[in-house]
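The sequence shown begins at 29 in our numbering and counts up one residue at a time. See below for the structure under consideration.
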Amino acid sequence: YMGVVCGYDAGGESMFLVWAAAVVAFAMLWAIGANDVGNALGTSVGSKALSLRTAVIVAGVFEFMGSALMGDSVSNTLANEIVDSEQFESDYVFCVGMFSALLSAMIWLGVSTYFGMPMSSTHSILGAIIGFATVEVGSSPLRSPKLWQIAASWVISPLLGALISFVIYFAIKRVILTHPDAVQRSKSFTAYLMGLVIATDLMFLTSAGPQTLRIAFSPGVGFGVFFGVFAVSSLLSRVFFEYCHQSVPRDSTSETIQIKNTSNSSLDEEGFQATDCEEGEMESRQTQYATSLRGYGAAEEYFRPLMIISACTVAIGHGGNDVSNAIGPFHVIWQYYQTGSVDDRTGIPLALTVAGGVGIVLGLAMWGYKVMDTIGQKITPITFSKGYAAQYAGAVSILTATVGGFPISTTSVLVGCVMGVGMVDGARQVDFKLIGKIILGWIVTLPVAGVISAATFSFLVSVM
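Structural data, given as structure tokens:
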């Protein structure tokens, strides 16, 4: 499919490689949809702000948007700035290495998704690229400064996301949810929170979007534009909320504090899911959490549209960053097939980003629920207000990295954000055993993907 939409020519020694790479890249995009998009939208589905079907639609629209408008920077990093192609025997051998990297990353993502573990496609593809490069010319083609910058971003981004989400949810809880008139407070403040999301989206779009939309602001002008957009968006959002929430009763108990049941799990009388952690610990977390929520009532309902709009923002950020994990390496092979060189790289064709979006949405629709269950329910119980704080913080961290051209792990960022909001209600509300397993998976990913890629590359070179 990717070969057809990009208009491949027949003939040439690289025809088989480019078609094989197209199939593997599409499969990897499917795995990204099943795993990474599940991470991005897991909080929305876990809190029932979005159904799985609606999440697929949201992902389809906004992943396309992020990939098409903001994907070039990270794709260029993966294609040009990790490995020096000039130190390889030939451009064709370099393309075989990129194919090996795509194949190994796809295999590892598929295995981890099957077992429902949130895995990083970024860790997978970078580990795979390092693996085949080391086999060919040792460590010399690795551009260490950029690689260390990327490694630092993997640590900084989740910590930044956790900090931002903790601060936002702490403020929401103290100022809105625990106030004696929480419903009225929600009605007053959610418009400003909506304006914050819209203003943030616009600023990142003008910073990292297509050249026709980019505007070079001085810091002072940039802040002025941000607050101007924030003010206008908040005013319009307030009118919108007044219209949409006239029917919300002030004293009703919101059903949204209950977590959706899934297979192999049970719900207690408060509606919270039992997970694989120790039974006593889960009961304690459920009891404390249910007690903290009884007074919130309909105030949580006002955060439903905020969760939806922040989910759209996360999808844009994810599309701009993680879609490149498959598109970047494949584009190297595509350019070699078209021009006979990996140095003459033009912009990524729009048809290729569309094909990537199709693969992502198919993966999300078919297997995405597995990872959504882990991110959206098992780390800590998610409500609309918690989900908004986690998603907005995640979007800011991901988009910041995208502007800088850093391929980061959206998985680690969003897990950090979910942990951050959980810590507001106390450490016992966070399943640290599950987080430990997830972190172990991230650590294992780099060497495993690297070894698979190195073995695949060695075999393919030997039979060439």
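Glycine residues also receive a C-beta, built at the ideal position from the N, C-alpha and C atoms.
Within 8 Å, strictly: CB atoms of L57 and G387: As a first step, residue 57 is located in the sequence shown; it is residue number 29 there, counting from the start. As a first step, residue 387 is located in the sequence shown; it is residue number 359 there, counting from the start. Yes, the pair counts as a contact, with Cβ atoms nearer than the cut-off.
Within this structure, are the beta carbons of S193 and A418 separated by less than 8 Å? Within the sequence shown, the letter at position 165 stands for residue 193. Within the sequence shown, the letter at position 390 stands for residue 418. Contact: yes.
Given a cut-off of 8 Å, decide if M492 and Y416 are closer than it, judged by their beta-carbon atoms. Counting from one through the sequence shown, the residue named residue 416 turns up at place 388. Counting from one through the sequence shown, the residue named residue 492 turns up at place 464. With respect to the 8 Å criterion, Y416 and M492 are not classified as neighbours on the basis of their beta carbons.
Tell whether a beta-carbon distance below 8 Å holds between G469 and S140. Locating residue 469 in the sequence shown gives position 441, where the first residue counts as 1. Locating residue 140 in the sequence shown gives position 112, where the first residue counts as 1. One thing to note: G469 has its Cβ within 8 Å of the Cβ of S140.
Taking the alpha carbon of F122 as the point to measure from, which residue in A210, W362, P435, M394 has its own alpha carbon closest? By one-based count along the sequence shown, residue 122 stands at place 94. The alpha carbon of F122 has as its nearest neighbour, out of A210, W362, P435, M394, the alpha carbon of W362.
Beta-carbon separation (whole angstroms), F269 vs K201, contact threshold 8 Å: Here the question's residue 269 lines up with position 241 in the sequence shown. Here the question's residue 201 lines up with position 173 in the sequence shown. So it is not a contact: roughly 20 Å between Cβ atoms.
Assigned exposure category for L392 - 16 Cβ within 10 Å defines buried: Against the sequence shown, residue 392 aligns to sequence position 364. The residue in question, L392, is buried, as its Cβ has 16 or more Cβ neighbours within 10 Å.
Would you kindly work out how many angstroms separate the C-alpha atoms of S72 and S338, rounded to a whole number? Along the sequence shown, one-based indexing puts residue 72 at 44. Along the sequence shown, one-based indexing puts residue 338 at 310. So the two alpha carbons sit approximately 9 Å from each other.
Status (buried if at least 16 other CB within 10 Å, exposed otherwise) for P357: On the sequence shown, residue 357 is found 329 positions in, with the first residue counted as 1. So P357 counts as buried.
Start and end of the alpha helix (DSSP H) containing M147? The sequence position of residue 147 within the sequence shown is 119, counting from 1. Counting along the chain, M147 sits inside no alpha helix (DSSP H), nor does DSSP assign it H or E at all.
Can you give the Cα-Cα distance for T367 and G125, rounded to whole angstroms? The residue labelled residue 367 in the question sits at position 339 within the sequence shown. The residue labelled residue 125 in the question sits at position 97 within the sequence shown. Each residue's Cα considered, the two are about 18 Å apart.
Rounded Cβ spacing between S181 and M222 (contact assumed at less than 8 Å): Reading the sequence shown from its first residue, position 153 is the one you call residue 181. Reading the sequence shown from its first residue, position 194 is the one you call residue 222. That pair is no contact at about 29 Å.
What's the C-alpha gap between G444 and V46? Taking the sequence shown and counting its residues from 1, one reaches residue 444 at position 416. Taking the sequence shown and counting its residues from 1, one reaches residue 46 at position 18. Each residue's alpha carbon lies about 37 Å from the other.
Restricting to runs no shorter than 3 residues, where is the beta strand (DSSP E) found entirely within the region 70-142? Here no run is fully enclosed.
Identify, in the order they occur along the chain, each residue of the same chain with its Cβ nearer than 7 Å to the Cβ of T150, setting aside the five sequence neighbours on each side. Position 122 of the sequence shown, counted from the first residue, corresponds to residue 150. The residues are D350, N353, P435, I436, S437.
Measuring CA to CA, which of T82, G345, A482 is closest to Y420? Taking the first residue of the sequence shown as 1, we reach residue 420 at position 392. Comparing Cα positions, the closest option is G345.
Which first and last residues belong to the alpha helix (DSSP H) in which P435 is found? Walking along the sequence shown from the start, residue 435 turns up at place 407. First-last for P435: undefined, no H or E at that position.
For P277, three-class secondary structure by DSSP: Start at 1 with the first residue of the sequence shown, and residue 277 comes out as number 249. Because P277 sits at a pLDDT of 47, beneath the cut-off of 50, its placement in the model cannot be relied upon, and the following sentence gives the value as read from the coordinates. Residue state for P277 is assigned as coil, using DSSP reduced to three classes.
Secondary structure, alpha helix (DSSP H): runs of 4+ residues fully inside the region 173-259: Runs of the alpha helix (DSSP H) inside the region 173-259: 210-236.
Same chain only: Cβ atoms within 6 Å of D229, ignoring 5 sequence neighbours per side: Here residue 229 corresponds to residue number 201 of the sequence shown, with the count starting at 1. Around D229: T341.
In angstroms, rounded to a whole number, what distance separates the CA positions of G252 and L263? One-based indexing of the sequence shown puts residue 252 at position 224. One-based indexing of the sequence shown puts residue 263 at position 235. So the two alpha carbons sit approximately 17 Å from each other.
Taking the alpha carbon of G382 as the point to measure from, which residue in L69, F44, V89 has its own alpha carbon closest? Working through the sequence shown from its first residue, we reach residue 382 at position 354. Looking at the sequence itself, residue 382 is Val, so the reference to Gly does not match. Ranking L69, F44, V89 by CA distance to the CA of V382 puts V89 first.
Contact defined as beta carbons within less than 8 Å: I believe Y197 pairs with S413. What is the distance between those atoms, to the nearest angstrom? Translated into the one-based positions of the sequence shown, residue 197 becomes position 169. Translated into the one-based positions of the sequence shown, residue 413 becomes position 385. Rounded, the Cβ-Cβ distance is 7 Å, consistent with contact.
Quick one: using the 10 Å Cβ neighbour count with 16 as the cut-off for buried, is V203 buried or exposed? Residue numbering aside, residue 203 sits at position 175 when the sequence shown is read from its first letter. Result: exposed.
State buried or exposed for S425, treating a residue as buried only when at least 16 other CB atoms are found within 10 Å of its CB. For the purposes of this step, residue 425 is taken as residue 397 along the sequence shown, with counting starting at 1. The residue is buried, with at least 16 neighbouring Cβ atoms inside 10 Å.
The alpha helix (DSSP H) enclosing R332, as first and last residue numbers: On the sequence shown, position 304 is the one that residue 332 refers to. Annotation for R332: the continuous alpha helix (DSSP H) segment containing it runs 332-349.
What's the call for Y166, buried or exposed, on a 16-neighbour Cβ count within 10 Å? Counted from its first residue, the sequence shown places residue 166 at position 138. The sequence given here has Gly at residue 166, not Tyr. Exposed is the call here.
For A83 and A199, what's the separation of their Cα atoms in angstroms? Here the question's residue 83 lines up with position 55 in the sequence shown. Here the question's residue 199 lines up with position 171 in the sequence shown. A straight line joining the alpha-carbon of A83 with that of A199 spans about 27 Å.
For F460, tell me which candidate among L224, V446, L380, V472 has the shortest Cα-Cα distance. To locate residue 460, count along the sequence shown from 1; it is residue 432. Shortest Cα-Cα distance from F460 to any of L224, V446, L380, V472 involves V446.
Closest Cα partner of V51 within the set E164, G384, E329, G256: The sequence position of residue 51 within the sequence shown is 23, counting from 1. The shortest CA-to-CA distance from V51 to any of E164, G384, E329, G256 is the one to G384.
L191 versus G422, W395, R213, F217, residue with shortest Cα-Cα distance: By one-based count along the sequence shown, residue 191 stands at place 163. Closest by alpha carbon: G422.
Among the candidates M231, A327, A179, N63, whose CA atom is the shortest distance from the CA of L442? Taking the first residue of the sequence shown as 1, we reach residue 442 at position 414. Comparing Cα-Cα distances from L442 to each of M231, A327, A179, N63, the minimum goes to N63.
Could you compute how far the alpha carbon of T411 sits from the alpha carbon of T206? Translated into positions along the sequence shown, residue 411 becomes position 383. Translated into positions along the sequence shown, residue 206 becomes position 178. Taking C-alpha positions only, T411 is separated from T206 by approximately 15 Å.
Can you list, in chain order, the residues of its chain with a C-beta nearer than 8 Å to that of A48? Leave out the 5 residues immediately preceding and following it. Within the sequence shown, residue 48 is the residue found at index 20, counting from 1. Cβ neighbours of A48 beyond the five flanking positions: F127.
From what residue to what residue does the alpha helix (DSSP H) around V360 run? Walking along the sequence shown from the start, residue 360 turns up at place 332. Element bounds for V360: 352-367.
Report the CB separation of G159 from T473 in whole angstroms; it is logged as a contact under 8 Å. Residue mapping note: residue 159 aligns to position 131 of the sequence shown, counting from 1. Residue mapping note: residue 473 aligns to position 445 of the sequence shown, counting from 1. Separation of the CB atoms of G159 and T473 is rounded to 12 Å, and the pair is thereby denied contact status at 8 Å.
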